[in-house]
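Accompanying notes for the structure given below.
Residue numbers (my numbering): 7 to 67.
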């Protein structure tokens with residue numbers, strides 16, 4: 007019983023991970039190596055900048 011539950015949790019985690027990766031790369035598999043890392047870093051920087059611009063008031067800009 008517990009072994010089947012572990013298998014179900016592993017499968018669920020793999021599916022969720024695959025969906026997150028597909029969403030983060032726009033459904034296109036990223037090339038292995040430095041390009042995917044740079045892409046994710048750029049995306050994180052853009053998200054941080056957008057969050058910072060949302061927090062700052064128009065007077066601070």
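Built from N, CA and C at the ideal position, the CB exists for glycine as well. These numbers were taken from a predicted model, which means no experiment stands behind them.
Alpha carbon to alpha carbon, what distance is there between residue j and residue i?
i, j, result
"residue 16", "residue 49", "28 Å"
"residue 51", "residue 23", "21 Å"
"residue 14", "residue 26", "18 Å"
"residue 21", "residue 9", "19 Å"
"residue 53", "residue 11", "36 Å"
"residue 29", "residue 19", "15 Å"
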